[in-house]
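Numbering (the numbering used here), first residue to last: -10 to 99.
Read through the structure below, which is laid out as structure tokens, and then see the notes.
Quick look at the structure:
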């Protein structure tokens, strides 16, 4: 006996089957949505949202995106703190979070 599994891709908006259907994600008011659309319907969705996207702000990140860590604008970088700590005889690791006592000593010295 042989089994054959057939995957059918269906556009959620029209209900039509198509090989070009892809899943797209978006969020509104804190609720995440997914919808399977063929390219024509995705174009319609994108055109409808385009003015809002261009006027909006990006926040957070998606699960498939890696963004660099946020660097604070109001203080020295971790590398600067480590260099200062070594110059002032503090033991500090090459990686990881700079200890609070070193940050505090740096702030008091400056």
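Heads up, the beta-carbon is just placed ideally off N, CA and C, and yes, glycines get one too.
Values in this document were obtained by computation on a predicted structure and should not be read as measured data.
{"Query": "Start-to-end residues for the beta strand (DSSP E) that takes in residue 29", "Result": "Where residue 29 is concerned, there is no enclosing beta strand (DSSP E), although the alpha helix (DSSP H) it sits in stretches over 28 to 44."}
{"Query": "Proximity of residue -2 and residue 9 at Cβ, strictly below 9 Å", "Result": "yes"}
{"Query": "Per DSSP, the bridge partner or partners of residue 22", "Result": "15"}
{"Query": "Residue 60 - DSSP class collapsed to helix/strand/coil", "Result": "Confidence is the limiting factor: at residue 60 the pLDDT is only 42, short of 50, which leaves the residue's position unreliable and the question unanswerable from this model."}
{"Query": "Whole-angstrom distance between residue 84 and residue 6, CA atom to CA atom", "Result": "52 Å"}
{"Query": "Residue 92 vs residue 64 beta-carbon contact at 9 Å", "Result": "yes"}
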